[in-house]
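The opening residue of the sequence shown carries number 1 in full-length UniProt numbering; numbering runs sequentially from there.
Quick notes on the structure that follows.
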Amino acid sequence: MFLVRLDNENRILVFASGRVQRNFIRILPVNRIKIVVSSYDSTKGHII
Numbered sequence: 001m002f003l004v005r006l007d008n009e010n011r012i013l014v015f016a017s018g019r020v021q022r023n024f025i026r027i028l029p030v031n032r033i034k035i036v037v038s039s040y041d042s043t044k045g046h047i048i
């Protein structure tokens with residue numbers, strides 16, 4: 001789980017997708033990532 005700050009200063013709790021977990025992709029605090037926000041809860045999403 002990661003707490004991500006968006007460009008508009010909102011914060012979202014995101015989870016690593018299966019591809020990120022399988023390939024051991026490192027996510028550092030300075031990285032810019034792509035996320036998909038849940039349609040049911042706008043405060044949660046996952047990293048693609």
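Every residue gets a Cβ at the ideal spot worked out from N, C-alpha and C, and that includes glycine.
Since this is a predicted model, take the numbers as computed values, not measurements.
Using the DSSP secondary-structure output, state which residues sit across from residue i in a beta bridge.
i     : result
Leu13 : Leu3 and Lys44
Ile27 : Ile27 pairs with nothing; no bridge assigned.
Val20 : DSSP, once it has assigned bridges, lists no residue as partnering Val20.
Ile35 : Ile47
Out of curiosity, what's the CA-to-CA distance linking residue i and residue j?
i          : j     : result
Ile27      : Ile47 : 10 Å
residue 79 : Val4  : Residue 79 cannot be examined here, being either before or after the span of the chain that is shown, 1 to 48.
Arg11      : Gly18 : 22 Å
Ser38      : Leu6  : 15 Å
Asn31      : Arg22 : 19 Å
Asp41      : Phe24 : 27 Å
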